[in-house]
Each structure stands twice: as C-alpha cells, then as structure tokens.
Amino acid sequence: MKREWWHKSVVYQIYPRSFQDSNGDGIGDLQGIISRLDYLQALGVDLIWLCPVYVSPNEDNGYDVSNYYDIHPEYGTMADMEQLIDEAAQRGIGIMMDIVANHTSDEHPWFVSASKDRNNPFRQFYVWRDGKDNREPSELQSFFGGSAWEYHEQTGQYYLHLFSKKQPDLNWHYPPVRQAIYDVMRFWISKGIRGFRFDVIDLIAKEVDNNIIANGPLLHKYLQEMHREVLDGANVVTVGEAGSVDVEQAILYTAPERRELNMIFSFEHLALDEEAGKQKWDLKPLVLDDLKQVLSKWQYGLAESGWNSLFWNNHDQPRIVSRWGNDTIYRYESATMLATLLHMMKGTPYIYQGEEIGMTNVRFPDLSYYRDIETLQMYKERIQKGYSHEEIMTSIYAKSRDNARTPMQWDQTDHAGFTTGTPWIAVNPNYVNINVEKDLQAERSIYRYYQRLIQLRKKTDIVVYGDYQLLETEPQIYAYTRQLGKERWYIICNFTDKMVECKLLNQLPTGEMILSNYQKSFLNGSLRPYEAIIWKTRI
Ligand code: NOJ
C-alpha cells in the first residue's frame, strides 16, 4: 500500500454553531474557533473538518447553502476564514471544508432563477417533474419525513428535495451543475484548505424515474471526473459521507487506482440500535457481537484496498459514551475504553467536538428546547400517527441530533464558557462536572487519554499499518490484534460495568503494557468495568 500523509492524520470535527462564540450573540463563530486552536494543537490533531460555514438560511444549520463563496455573517467574514486557515496552518493543522453538493438552499440564486419559469437556463440545475393525477410524481419520501416532492405553484411542476423542502436537490446529470461544484472546490483549494468532506455523496447520481436514490449507476463516473478536474495534484484529503454503502461498494469509492475519494463514512456500526427496515427512531438493544462483526467486516474488507474512516460521533449522532458506554459512574472508564477500541483500529480517526472530554447526551425537559429540524418534523409526524409523547421523547433522548449539538463545555462559568450571551441551544446542565478546564487540570482525564492515543498513532507504524485480527473472547469483551512485522499488539476491551473474566489475559505472551485506562493495571484473569488495555508483544 502506498503510504499517504493522511494515513497518519487525526481529524477533529467542529460544528461551528456550538463550538465557541466570540461576540456574545449566542452562536459559535470563526474567531471563537481561532481562539481555541492552541487547545486543538495540544490535543494533537492534524486536520479540522469544519461543518458548513457558508451563507445559509439555516433551515438545516448550514446544510442548505445559498452562497458557497462567502461566509455566513453569524460566523464572521472571509477575512476571518482566511485567518483561520492561516493560523491553523501555523500550528500544523489543515482545514477540511464540508461540500454540500447534493442540494442547495431554495434561496440559492440558482434555485431562485430555476423557479422563475420552465425555460430558465438554470431550470435543469434541479430535478423537476410533472405531477401524476394531480398528485406527487412518486411516493418517494424525504429523509426528514413527508414527501420528497414539493409543488411549485408558479411553474406548475414539482421539485425534488430528499431533505427539507428548503433543500432542493441538484441535478448532477446536467454537466453545468458538476462544473459549478468543481468551481466551488477550486475556489476553496486556492484558499489553502487541505481537504473536503462531501455531504451525502452517495446520493448525487440519483435516478428518480428509475427509483434509484443511492449509488446511482453514473456516480463513480462523476467522482472520477471530479478527481480529474479538481483533485488530481491538489494534495487534499477527501472523505465522502455514504450512508448506503457496503464494503464492496466502499472499495469502488476508495481504491486508490480508481481515483475517486480517499475514504468514506459508513454508518453500519452506528445503526446497531435501530430496528432493521424501520427508522432511526425505532430502537433495539445493542449487542456487542453485532459491533464486532460489523467493525471487523470493514477492517478486513478495506485491508488491502481503500481506507477506513474511524468514528463514533458526529453532529448527526448521539454521544457515544451515552450509547455504548456508561455516562454516569463509569463515564471516564467507558469513554476511554471506547476511544481505545476505535483509535487502535486501522483507518483515519475522527473526533467530534466534546468527545475528547466525554460529553454526554442531553435530556431537555420539553420539546421547546430542541432545535433540530429532523427531530421537530419527526415529533409532528409521530404525534399525528398516534405515538404517545413519552414514546417519542424516549426516541429523542436516545437519537436526536441535538444530543451532539449542545454547546461545547469549556469551563464551569455560565453557559459553560461557550458564550457570554444566550446560547442558540441550551447547554447540557452537566457542564459543571464535564468541561475542558476540569480535564486539563486533572492528571487522569478523558482528554489526556485521547492525547495519548493520538501520540501512539503518530509514533508507531503498527497503529497505522498493522494487520487487524478479531479474537474469539467472552461475549462481553471485544479483543483484537494488530500486527506489523514481528510486533503484535493486543487490544482488549470490557464493554460492561461488571468485572468480567477474560481467559485471554492468562494466555497473553510476555510483553509490556502500552496503555490502560486503569491506574494499576493487573492481569489476573479479569477485566474491571470498562477496562481497556493495549499489550505489546513480539512474535
Ligand atoms: C448529512 C449531514 O451530516 C446532515 O447534518 C444534513 O442534515 C444532511 N446531510 C443533509 O445535508
């Protein structure tokens, strides 16, 4: 495998609205991020994936762009953005821009023009269809609920929106659309950014008339074209969000010789608490064996070709410590165990803001606290369908995207040091106990543990390139090895809040403990609650 600089990189994801406010308007901004760059440098990250900061009506917090070439005034100015790119670079950190190219805002000038009349030159930028028998062209549903078609009175046709009706889908089959997006990418490359994250990239080549939404037949042709036209020689790293992609398809996206993307985000490991074939809100209990099977399948599947992204969280997912861990008494142990499991795998790890201090899900007392369009639409829909308020709140507490979007918890002062004003979304009340300042002061903290994991990746090739092998163990334990040359590391993790017997511990060859999340590590055949160890041997 040809070695690339981003194989060794660790990415930190920032949701700008909730990271750090600098001007007291209650909304995070670019100057806020700049003021925290030293913190990120000390953590050891190489790249920042910045969620959208473009001009946007904020129907979906920036995933509805109305101008790709400018910064939303809430976040600052283009001069602030240039300063961020520059100051990050001085600290050895590159910026990855979020390219939202499956759809725009309905307030984007392209859509405004396209809506004027059927002959407008921009009409074909979007997907318009006639109705059928005075109804929508098809039964297609939006990911946010309701029909994916919206009737446009003035021109008498429906337009497609796979997300909200304020996010009309672009028509990638129309070459000028692709060129327009390539121009956007060239513009940001010329600003000095080091990478792109592509929003829902698996949806761009949809063929609605053939009922194909994800992985359309022309998708790889378009990605190869994008590579030829923009990415070739640009020395940027790329990751595509691809919720409907399996391992075989992932190779098509990421095999280097295909010249498409460097890696994708797949979500199979994060759907294990969902009932198959239903919505993300329909919960089922987690089973560790499912996680072992899914993560291992991806580790083996992309071992020779392609590359994995490694992530537990993002701005759309609940907090991992509340999901697979224990966010009360064993918060430190479970957050560090989960970090160990993920960061010792092969791939590029992504840390979502607050994960490094073990931020948890939030349980707001009522719906008025929630801001996320997906959550609010689901509530309306399910109430209409007869679900009880309590049932819906159970789903929201477990899965709402707002779990990840509460402000970053910096310190114990009002609003957790996020803002001096009123935050756009309330701070999780547990900020008094869970915050950056506390973690920095403590010798034993989740933050310090993340620092060590990142350093291990930087220092040792085995973490980056070693072969992965799942080990057979007790059902409460996830254990695997990494091997490179004559060196083998054992990663052993207890996923329960109980002491569990672990036969493997007695069979470990002599070696040394590289890292453990308990102070005095002992190997007398049992693992303590959420204990994680990394054991190094030679073979
Ligand atoms: C995925 C993004 O991560 C999510 O936040 C957004 O709502 C949808 N794509 C639509 O852009």
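Under our numbering, the very last position in the sequence shown is 528; numbers go up by exactly one each time.
All residues carry an ideal CB built from backbone N, CA and C; glycine is no exception.
Per-residue burial, residue i [other beta carbons within 10 Å of its own, 16 or more giving buried]
i, result
"Y211", "buried"
"E293", "exposed"
"R175", "exposed"
"R167", "buried"
"K195", "buried"
"Q79", "exposed"
"R471", "buried"
"D69", "buried"
"N303", "buried"
"W(-6)", "exposed"
"K388", "buried"
"S357", "exposed"
"H360", "The question names His, but residue 360 is Arg in the sequence shown. It counts as buried."
"D403", "exposed"
"E142", "exposed"
"G474", "exposed"
"K369", "exposed"
"K281", "buried"
"M488", "exposed"
"Y64", "buried"
"S531", "With the chain running from -10 to 528 in the structure shown, residue 531 is simply not present."
For residue j and residue i, believed in contact at Cβ under 8 Å, the rounded distance
i, j, result
"D541", "G232", "The structure shown does not extend to residue 541, since the chain is modelled only from -10 through 528, so no value can be given for it."
"L149", "V101", "Contact flag wrong, Cβ pair sits at about 17 Å."
"V189", "M85", "Between M85 and V189 the Cβ distance is about 16 Å, and since that is not below 8 Å, they are no contact."
"I443", "L32", "7 Å"
"T337", "S298", "6 Å"
"F254", "F300", "7 Å"
"N419", "T349", "6 Å"
"R308", "N392", "6 Å"
"I523", "M333", "6 Å"
Contact test: residue i Cβ vs the ligand NOJ heavy atom, cutoff 7 Å
i, result
"V189", "yes"
"F152", "yes"
"H378", "no"
"D14", "no"
"E230", "yes"
"D305", "yes"
"D18", "no"
"Y4", "no"
"V54", "no"
"D35", "no"
"D198", "no"
"D49", "yes"
"V116", "no"
"V0", "no"
"V89", "yes"
Whether residue i touches residue j by CB criterion (8 Å)
i, j, result
"R186", "V228", "yes"
"E461", "M326", "no"
"V225", "I178", "yes"
"S(-2)", "S11", "no"
"K(-9)", "E71", "no"
"S45", "S94", "yes"
"H61", "V42", "yes"
"C491", "L516", "yes"
"E37", "I3", "One detail in the question is off: residue 37 reads as Ile in this sequence, not Glu. Yes, the Cβ-Cβ distance between I37 and I3 is below 8 Å."
"L445", "Y436", "no"
Residue i (DSSP reduced to helix, strand or coil)
i, result
"M(-10)", "coil"
"E259", "Strictly speaking, residue 259 in this sequence is Leu, with Glu absent from that position. If DSSP states are grouped into helix, strand and coil, L259 belongs with the helices."
"M502", "strand"
"T317", "coil"
"T462", "coil"
"Q20", "helix"
"Y436", "helix"
"G290", "helix"
"F187", "strand"
"P338", "strand"
"H404", "helix"
"E249", "coil"
"N276", "Reading off the sequence, residue 276 comes out as Val, not Asn. Residue state, collapsed to three classes: coil."
"L32", "helix"
"D95", "coil"
"R175", "helix"
"A239", "helix"
"I523", "strand"
"I84", "strand"
"L207", "coil"
"T395", "coil"
"Y420", "helix"
Short CB-CB distance (under 8 Å) between residue i and chain B
i, result
"S179", "Looking for chain B here will not work: only one protein chain is present."
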